[in-house]
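In UniProt numbering, the protein residues as written are 1 to 192.
Here you go:
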């Protein structure tokens, strides 16, 4: 299962073979079935997760019971609930498989030890955090300023590979619009 992860680490990092071996040996492989939760709301996030194949979603529920998806994590991406992970506090969110998924997980103590001993892993971690901050800022601005149509067009442009893998209600929950609105937008695009 680690073949894709090995390739991921060798592409875009300066990790040497010994470092990669340490990182891989510290990981535990898990298989998740569609709909299976890796982290439930209220649990403490004790792992960092790399998606070897499959697709995860990170989501919560509003006061009215509506689902809000923070992000999707397809293969070659990481999934973690950062506030819960770093503070070791109960999570406000759930991480679950959208489809059958193969993942690698590291416990917090193991990953912290790797960060202490492998400086290049710290560099990679900082790059991922910076990319996440940029994406979150762009998404927040879009949420505040874009129309429903613009949000959907941006999603299609940004995540074309995810479209066929996601049910419409999940796309709507990610965009912060109703399923009815998303259906109307899609029908209008077909008519054009």
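We put the beta carbon where it would ideally sit given N, CA and C, even for glycine.
Along the chain, where does the beta strand (DSSP E) that runs through residue i open and close?
i: residue 183; result: First-last for residue 183: 179-191, but that is the alpha helix (DSSP H), not the beta strand (DSSP E).
i: residue 104; result: 94-107
Please state if the CB of residue j and the CB of residue i are separated by a distance shorter than 8 Å.
i: residue 7; j: residue 124; result: no
i: residue 81; j: residue 58; result: yes
i: residue 32; j: residue 103; result: yes
i: residue 162; j: residue 74; result: yes
i: residue 91; j: residue 55; result: no
i: residue 15; j: residue 121; result: yes
i: residue 60; j: residue 94; result: yes
i: residue 98; j: residue 165; result: yes
i: residue 173; j: residue 68; result: yes
Could you check which residue in the options has the C-alpha nearest to that of residue i?
i: residue 171; options: 138, 149, 188, 37; result: 149
i: residue 20; options: 118, 93, 130; result: 118
i: residue 156; options: 182, 137, 145; result: 182
i: residue 79; options: 159, 49, 96; result: 49
i: residue 159; options: 135, 145, 178; result: 135
i: residue 46; options: 10, 83, 24, 25; result: 83
i: residue 26; options: 39, 43, 110; result: 110
i: residue 114; options: 186, 18, 129, 23; result: 23
i: residue 70; options: 138, 11, 9, 86; result: 138
i: residue 72; options: 191, 167, 147, 44; result: 167
i: residue 188; options: 66, 152, 10; result: 152
i: residue 242; options: 169, 43, 128; result: No information on residue 242 is available, as it lies outside the stretch 1 to 192 that the chain covers here.
i: residue 9; options: 53, 65, 36, 76; result: 76
i: residue 37; options: 96, 64, 63; result: 96
i: residue 146; options: 127, 131, 177, 130; result: 177
i: residue 28; options: 184, 143, 5, 63; result: 5
Over what stretch of residues does the alpha helix (DSSP H) that includes residue i continue unbroken?
i: residue 25; result: 17-26
i: residue 193; result: Shown here, the chain extends from 1 to 192; a query on residue 193 therefore has no answer.
i: residue 175; result: 168-175
Does the ligand ATP have a heavy atom nearer than 7 Å to the CB of residue i?
i: residue 161; result: Of ligands this structure carries none, so the ligand ATP is not represented either.
Next item on the list: May I have a chain-ordered list of the alpha helix (DSSP H) segments no shorter than 4 residues that lie completely inside the segment 4-91?
Entry: 17-26, 82-87
Notebook entry, point to check: Curious, which full-length alpha helix (DSSP H) runs of at least 4 residues does the segment 121-151 contain?
Noted result: none
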